[in-house]
Amino acid sequence: MAKRLKATERKATILAVAKVLFSDKGYHGVSVDEIARRLGVSPAILYRHFTSKEALYEEVLNDIACKRESYVDAVVKSDGSFADVLRKITRIYIESVSRDPDYLRMEMQSALEGSDATRQFFENRWRPFTDFIEFSLKELSANNSIEPVNGRLAAMAFQGMVREALYSKCIYRSPRYHDLDLFEISDYLIGLFFNAVGYTEPESSPASLGGTAPG
Amino acid sequence: MSNFDMELDARGLNCPLPILRAKKSINSMTAGQVLRIIATDPGSVKDFEAFCKQTGNELLGTTQDGAEYQFNIRKS
Chain A
-4 MAKRLKATER KATILAVAKV LFSDKGYHGV SVDEIARRLG VSPAILYRHF TSKEALYEEV
56 LNDIACKRES YVDAVVKSDG SFADVLRKIT RIYIESVSRD PDYLRMEMQS ALEGSDATRQ
116 FFENRWRPFT DFIEFSLKEL SANNSIEPVN GRLAAMAFQG MVREALYSKC IYRSPRYHDL
176 DLFEISDYLI GLFFNAVGYT EPESSPASLG GTAPG
Chain B
6 MSNFDMELDA RGLNCPLPIL RAKKSINSMT AGQVLRIIAT DPGSVKDFEA FCKQTGNELL
66 GTTQDGAEYQ FNIRKS
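These protein sequences, in sequence, are chains A and B. Quick note on numbering: the first sequence equals residues -4 to 210 in the working numbering. Quick note on numbering: the second sequence equals residues 6 to 81 in the working numbering.
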């Protein structure tokens, strides 16, 4: 018989077990019965804490995703430049992934399953990047700080670059990124991106950490 | 809502842009002045609460009118 736990401990245990199962098999691949079985409790116990499997899945996602407050904090601590804000919000996102690679697996599973709710969730996680890049490039171009560039395309390209690197490093364990940690990869990609859009970092921004470029 | 000294139109912008623009506006203001921000991102309610908590500026009030949110922030 399962050890009696306090409600908060029980909830945390349910979230931890559900996260591993969802990241391994996706939302549709896991039943409430299976989660309960892994926990050694009855499904009724799960329903005491979560009204439905969907509610549990949503809480797992919110639990492991980076928080909006972190983005606010990044902006408050930044020098306000495009370079510094982009570098800081990218690091926050990457930190959340490095803290828990199951997040990426859940993102991939949700893409395969095509659920509107989860697709929306992950799209919202990328919006700070895409909207920020698109608007900022538009402003920089209007100020003649950079040549005219398609901001939407650039934003999507950046998102694609970061996603590819994270999947290669954390899921596929590609040797291409073997010698770089996630923050070095982040700095490398941001440097590449700035070059591509013709943006020169202001003096006050911290210089890129450099690192060996992956082949 | 009370009077304000500067208005920031952040409609149509999503996190982190309203916060970034608010930060820039507040930097150009003097202590005691009030910035009014109009935004449409529902997440901006929590964002500006966090912003004021982290910066020490005072959130005087938040109102919602349909899909629009208004925030009055006094620079500390």
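All residues carry an ideal CB built from backbone N, CA and C; glycine is no exception. This one's a predicted model, so the numbers in the text were calculated from it and none came from an experiment.
Compare the C-beta of residue i with all C-beta atoms of chain A and state if any pair is closer than 7 Å.
{"i": "B:Asp46", "result": "no"}
{"i": "B:Pro21", "result": "yes"}
{"i": "B:Phe56", "result": "yes"}
{"i": "B:Ile1", "result": "The requested residue 1 of chain B is not part of the displayed model; chain B covers only 6 to 81."}
{"i": "B:Gln1", "result": "Only positions 6 to 81 of chain B appear in this structure, which leaves residue 1 of chain B out of reach."}
{"i": "B:Leu25", "result": "yes"}
{"i": "B:Thr60", "result": "yes"}
{"i": "B:Arg10", "result": "This sequence places Asp at residue 10 of chain B; Arg is not what is there. No, no contact with chain A."}
{"i": "B:Asp14", "result": "no"}
{"i": "B:Leu70", "result": "The sequence as given places Asp at residue 70 of chain B; Leu does not occur at that position. No, no contact with chain A."}
Might you give, ordered along the chain, the residues of its own chain that have their beta carbon closer than 8 Å to the beta carbon of residue i, omitting 5 neighbours on each side?
{"i": "A:Ser73", "result": "Asp79, Val80, Lys83"}
{"i": "B:Asp10", "result": "Met34, Gln38, Val39, Leu40"}
{"i": "A:Ile141", "result": "Leu132, Leu135, Val192, Gly193, Tyr194"}
Taking 7 Å as the threshold (beta carbon to beta carbon), is residue i in contact with chain B?
{"i": "A:Phe130", "result": "yes"}
{"i": "A:Ala75", "result": "Looking at the sequence provided, one finds Gly at residue 75 of chain A rather than Ala. Chain B contact via Cβ: present."}
{"i": "A:Asp126", "result": "yes"}
Only counting the same chain, and skipping five residues up and downstream in sequence, which positions put a Cβ closer than 6 Å to that of residue i?
{"i": "A:Leu177", "result": "Ile89, Ser93"}
{"i": "A:Ser203", "result": "With a pLDDT of only 45 at A:Ser203, under the threshold of 50, the placement of this residue in the model should not be trusted, and no figure is reported."}
{"i": "B:Lys80", "result": "Ile31, Met34, Ala36, Gln38, Asn62"}
{"i": "A:Glu102", "result": "Phe117"}
{"i": "B:Asp46", "result": "Asn19"}
{"i": "A:Thr113", "result": "Ser105"}
Short of 7 Å in beta carbon distance, which residues of its chain neighbour residue i, apart from the five on each side in sequence? Order them along the chain.
{"i": "A:Ala149", "result": "Ile128, Leu132, Val192"}
{"i": "A:Ser37", "result": "Ala31"}
{"i": "A:Ile180", "result": "Ala160, Lys164, Tyr172"}
{"i": "A:Glu196", "result": "Ala78, Phe189"}
{"i": "A:Val27", "result": "Pro38, Leu41, Lys48"}
{"i": "A:Ile87", "result": "Cys61, Ser65, Tyr66, Ala69"}
Point to revise | Contained beta strand (DSSP E) runs [length at least 3] in the stretch 28 to 62 of chain B, N- to C-terminal order | key: 39 to 44
Check your understanding: So, do the stretch 63 to 74 of chain A and the stretch 13 to 32 of chain B have three or more beta carbon pairs nearer to each other than 8 Å?
Key -> yes
Check your understanding: Three or more beta-carbon pairs under 8 Å between the stretch 161 to 177 of chain A and the stretch 116 to 127 of chain A, yes or no?
Key -> no
Check your understanding: On the three-pair Cβ rule with 8 Å, is the stretch 10 to 17 of chain B touching the stretch 179 to 197 of chain A?
Key -> no
Review point. Which residues, in chain order, does the stretch 91 to 124 of chain A contribute to contact with chain B at a C-beta distance below 8 Å?
Key: Arg122, Pro123
Check your understanding: Using a Cβ cut-off of 8 Å, which residues of the stretch 51 to 71 of chain A contact any Cβ in chain B, in chain order?
Key -> Arg63, Glu64, Tyr66, Val67, Asp68, Ala69, Val70, Val71
**Study point:** the stretch 97 to 111 of chain A contacting the stretch 15 to 25 of chain A, beta-carbon criterion three pairs below 8 Å
**Key:** yes
Review point. Could you give the uninterrupted runs of the alpha helix (DSSP H) lying entirely in the stretch 6 to 92 of chain A, keeping only those of 4 residues or more?
Key: 27 to 34, 38 to 44, 48 to 59, 63 to 72
Check your understanding: Using a Cβ cut-off of 8 Å, which residues of the stretch 156 to 173 of chain A contact any Cβ in chain B, in chain order?
Key -> none
Point to revise | chain B contacts from the stretch 75 to 89 of chain A (Cβ-Cβ distance under 7 Å) | key: Gly75, Val80, Ile84
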